[in-house]
Each structure stands twice: as structure tokens, then as C-alpha cells.
Amino acid sequence: MNKNISIPLVKIGNEMIVTFGKSGSNLKNVYHIDTILSEWTKSFLNEYSLISDDKNYQELSGILKLIKEQGVYRIEGNIEFEPLLECVRSLTLFREKIRAEVKGYFVPLNSQKYQQSGISKFSTAIENDEIELSESDLESYAFQGNAIQLDELLLDTMFCALPELPLCREDCKGLCSECGTDLNETDIKGKRLIVEHSKKCSHHKPMKIQ
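Numbered as in the working numbering, the sequence shown ends at 215 without a single skipped number.
Structure follows, in C-alpha cells:
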């Protein structure tokens, strides 16, 4: 496991492409990363079952463009991942493919742009201090040394892309409020289910033997 997802500045130059997962890009100046597993991302990947020994299963794939602009590195692109979620109605576990837009700026930690930004004030703020952050501040990350670390940007992107109220399907009927029986007539794969309430439930009907 890597300590962090680090991109050396010397490799970036003025512009470069970073890819994740299966590499199918024929573009020039491509920096490929097989996995985003690092000390930063381990907890998130485990929580949403995005780590697997299955070689056919990709925890995350995507393509990012890094562009140097007057000492600031702009990053844009898309990532795709398929987390294991729990339906808020039926409590069914299911996977949902999510495509998220990645957008951010990396500013040198000792630069004037960083010192003037809200993120510099936020990092030194005392608990309960109110710090007003602009939209550009929310997309900005500081870096120091000779490399950019993508862990925080990727984690923020994935967290924000997760659905607040996951549903295994739009028309999910949920669970019986009395006995907890799954009220859906089919599972998420379309397989027919037998909906049978417990005998103590007011919705219980004896099954007819044909």
C-alpha cells in the first residue's frame, strides 16, 4: 500500500494526463496509477467495498488532466467508481456506478496565493472560529516539496458524489413497518420474490397451496 498518491512535479511539466485503473489511453505524457489505495484512502475504500482481490473488478477508474498555470496546478477530469451502498428503504446492499467530475487547484504552501486564500486561515483556525471560504477556496489544495498528492482531492470528490439517500431502485417499496418484510416483488436483479409477512403482522395472509 502506498503512503500517498503522489505525482512528481518534474513529470508534470506544463501539462500531463493521469489515468487510474485499466489503462487504455494512447495519449502522450500519461502517468498511470493502477490503484488509489493509500494510507489516506484505505478507510473509504474499505467502507464502500472498493477493495477486491478480483482481478476483473476495478475499484476506481478515471482520467485527469494536470495543467500548470503561473505556478498553480489546475486539475480537471472524471473518475468512475462502484461503491457498495445500503438502500434507505429496503436496507438492501447494492452497487451503483457513479461518475464524478474532478476539479481542483494545487497552490504552493509558501506562496502568496496560498497565504491570501481562505484555506490558509482555515488550516490555522482555532476550534469554533468562523472562516468564510470562497468557491475557489473550496476547490484549492496546498502542496509543498517536489510532488502533488491527490489523495484528499479524490476523497473529497468521491464523498461528494455519494447519494445522500441511496435507493436500490427508484420504485423501491421498502420494508413492512410492522414485521420488516421486504415489500418488493423482485430483487434488484429482477428475480421474483415471495412477499410473506410474519404471522403476527396485520398484513399477514396465509399462502394458498395450489
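Beta carbons: idealized from backbone N, C-alpha and C, even for Gly.
Problem set entry | Interface flag, Ala-147 vs chain C, CB-CB below 8 Å | Among the chains in the structure shown there is no chain C, since it carries only a single protein chain.
Exercise. Who are the Cβ neighbours of Arg-174 in its own chain at under 7 Å, not counting the five residues just before and after it?
Worked result: Ile-193
Exercise. Leaving out the 5 sequence neighbours to the left and right, which residues in its chain are closer than 8 Å to Ser-57 when beta-carbon positions are compared?
Worked result: Glu-64
For this session: Flag this pair as yes or no: are the beta carbons of Tyr-78 and Ile-153 separated by less than 8 Å?
Result: yes
Problem set entry | Cβ contact (3+ pairs, closer than 8 Å) linking the stretch 174-183 and the stretch 88-97 | yes
Problem set entry | Three-state secondary structure (DSSP) of Asn-9 | coil
Exercise. Whose C-alpha, out of Phe-111, Val-107 and Phe-86, is nearest the C-alpha of Glu-145?
Worked result: Sequence check: residue 145 is Ser here, not Glu. For Ser-145, the nearest C-alpha among the options comes from Phe-111.
Exercise. Can you tell which of Met-6, Phe-49, Ser-66 and Leu-71 has the C-alpha that lies nearest to the C-alpha of Ile-12?
Worked result: Leu-71
Problem set entry | Selected residue, minimal CA-CA separation from Glu-85, among Val-200, Gly-67, Lys-73 and Asp-187 | Gly-67
For this session: Would you list the one or two residues that DSSP bridges to Asn-83?
Result: Ile-68 and Glu-106
Exercise. Hey, how far is the Cα of Arg-104 from the Cα of Asn-151?
Worked result: 30 Å
For this session: Look at Asn-83 and Glu-106 and say whether their C-beta atoms are less than 8 Å apart.
Result: yes
Problem set entry | Local conformation of Thr-162 per DSSP, three classes | helix
For this session: Take Cys-92 and list the residues in its own chain whose beta-carbon comes closer than 7 Å to its own, dropping the five residues that flank it on each side.
Result: Phe-99, Pro-171, Leu-172, Cys-173 and Cys-177
Exercise. What first and last residue would you give for the alpha helix (DSSP H) that runs through Ser-48?
Worked result: 47-52
Exercise. Which term fits Asn-189, buried or exposed, when burial requires 16 or more other beta carbons within 10 angstroms of its beta carbon?
Worked result: buried
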